[in-house]
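Those letters in the sequence shown? Residues 1 to 279, per the UniProt record's numbering, in order. Yeah, the Cβ is synthetic: ideal placement off N, Cα and C, and Gly gets one too.
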Amino acid sequence: MNEIDKGPLVTPYELVFGEAGFEERVFPDIQAEAEAQSEDPARLDRFGFITVAAEALRQVVPADATAEQLEEYRLLLYHGFNFWRFGRRLYSLEPATARYLVEAAPRLAGWELRLPYPCVYVQLPPRLFWATIAVDAPPEPVDGFFAVQSAGIDPLGPGFSDLQVLMVLGVRRDRAGFSVIPFDTEVGPGIPADWAEAPGREGGRDFENILPGGEMAGLYSILTNTEALKLLARALWYIDTQTGEVPTETAPERRTEDRQGSIPLSRLPFQRVRLAGAG
């Protein structure tokens, strides 16, 4: 059995919120206040009005954090809370499935982008996709995407959904933390997803490798928000249209023989996203 067959690696959610009392103490209090105030915590613009969330944020943000870092912590708390709130829905893409979504570039015409649950985490195969948080920053492996979908508010227009996404990269055990890149888009009937068919980057193919020697290993890169949205949308399309290839599995038993320095396996139940016809 290879590493990917054992199940998904430990998620960013577990690394940050799994053993810090958030599930027992903080998240239920956020939910209770949101219900008492009739707030929808899936709406990012309303999440900041929940005082318990603001207090929890002050507890975890370093005193010397910059404004940019403070916003990253806020977004991570927002996604982490909603991931917990909607049942910790984890989808693990197998390598063959991820490669199909890149190489076949399935067209999404006629399909409306939607999440299977209001919040999910889609984990990519380990070290297959690479990205950078800045032009001058070294590439880091992309672990996956948090995604939250909520009802948009536009009294003068048709209904739409707001999709908030947090791409997570650089999950390693030899350092604390990881990097995140947030982005968002509006989706729904009548809203053209121009990014779905438009080129993802200038002067190169979508997902083209940027690492020296990466072509031989079949690696991909994500350099723009458009590429990130394309990959996430294709994964969601596959999950929605190939339900027979997305079985639910329980987390494997905790093992003690994990190699030193390796990222441990997730303890969450998950849905494995297999390639149709791959056996």
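Looking only at its chain, what residues have a beta carbon closer than 6 angstroms to the beta carbon of Glu257, apart from the 5 residues adjacent to it on each side? Only weak support is given to the placement of Glu257: the predicted model assigns it a pLDDT of 44, under 50, and the question is left unresolved by the model.
Report the option in Arg127, Leu124 and Met167 whose CA atom is closest to the CA atom of Ile133. Met167
With distances taken Cα to Cα, identify the nearest neighbour of Val16 among Phe81, Gly7 and Gly152. Phe81
For Gly144, write down the residues that DSSP places opposite it in a beta bridge. Gln123 and Val168
Option nearest Leu101 by Cα separation, candidates Ala217, Phe207 and Gly244: Phe207
Here's the rule: buried if 16 or more other CB atoms are within 10 angstroms of the residue's CB, otherwise exposed. What is Glu72? buried
Taking the straight line between their C-alpha atoms, what separation do you get for Phe27 and Gly18? 11 angstroms
For Gln149, which of helix, strand or coil comes out of DSSP? strand
Between the segment 20–38 and the segment 134–141, do at least 3 Cβ pairs fall closer than 8 angstroms? no
Integer-rounded CB distance, given that Leu268 should sit under 8 angstroms from Leu9: Not a contact, Cβ separation roughly 11 angstroms.
Report yes or no: do the segment 219–236 and the segment 104–116 share at least 3 C-beta pairs separated by less than 8 angstroms? yes
Going by the beta-carbon positions, is the gap between Gln149 and Pro118 smaller than 8 angstroms? yes
Val26, enclosing alpha helix (DSSP H) - first and last residue: Unbroken run through Val26: none, as it is neither H nor E.
Contact under 8 angstroms by Cβ, residue 317 with Ala196: Residue 317 lies beyond the stretch modelled for the chain, which goes from 1 to 279, so this question has no answer here.
Cα-Cα separation between Met1 and Ser92, rounded to whole angstroms: Caution is warranted here: a pLDDT of 45 is assigned to Met1, below 50, making its placement in the model unreliable, and no coordinate value can be reported.
Residue of Gly204, Glu68 and Phe83 minimising C-alpha distance to residue 294: Past the edges of the chain, shown from 1 to 279, lies residue 294, and the structure says nothing about it.
Thr51 (DSSP reduced to helix, strand or coil): helix
Give me the Cα-Cα distance between Trp130 and Gly188, rounded to the nearest whole angstrom. 29 angstroms
Let me know the alpha helix (DSSP H) ranges lying completely inside the segment 60–100, each 4 residues or longer, listed in chain order. 67–85
Identify the residues that DSSP records as bridge partners of Trp130: which are they? Pro141 and Ser221
Thr11 and Tyr78 - do their beta-carbons sit closer together than 8 angstroms? no
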